[in-house]
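Colleague: Residue numbers (the numbering used here): 29 to 168. I have a structure I would like to understand better, so I am pasting it below and will then ask my questions one at a time.
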């Protein structure tokens, strides 16, 4: 698959991406991805800020999209996230993922999350496992 076909596949994916209104904006063949999310009231915690699970999921989608840019199926093996400041309702969050280390079966991706004012919201590290299947094998 070309990088354009993979991007289209990720953009049209259903499931949680669709439910949470996440949009894969860019992919690059070097293992990078950008994913955006508009923070709506449904994605907040009881304190009125972005739920930690919302931010984590945004990072997971970004890392998974970056891993998918290689044309192979990858799943999250492990992850660590650090939250720095709250995401606020009405803001757009952008997660940028890039490949830190590529291996045959396991790769590591770094993800940075900023809001639309440039405030640094969170950082995450994702270890992704390549299953051996290609994206052509998958049914979304």
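Using N, Cα and C, we set each Cβ at its ideal position, and we do this for glycine too. Remember, predicted model here, so these are calculated numbers, not experimental data.
1) Quick check: the stretch 131 to 144 against the stretch 92 to 103, are at least 3 beta-carbon pairs closer than 8 angstroms?
2) Based on Cα-Cα distance, which residue from 143, 120, 90 lies nearest to residue 153?
3) What is the DSSP secondary structure of residue 41, counted as helix, strand or coil?
4) DSSP has residue 60 in a bridge; who is on the other side?
5) Among 100, 29, 77, 88, which residue has its Cα nearest to the Cα of residue 45?
Modeller: Taking the structure as given:
1) yes
2) 90
3) coil
4) 56
5) 88
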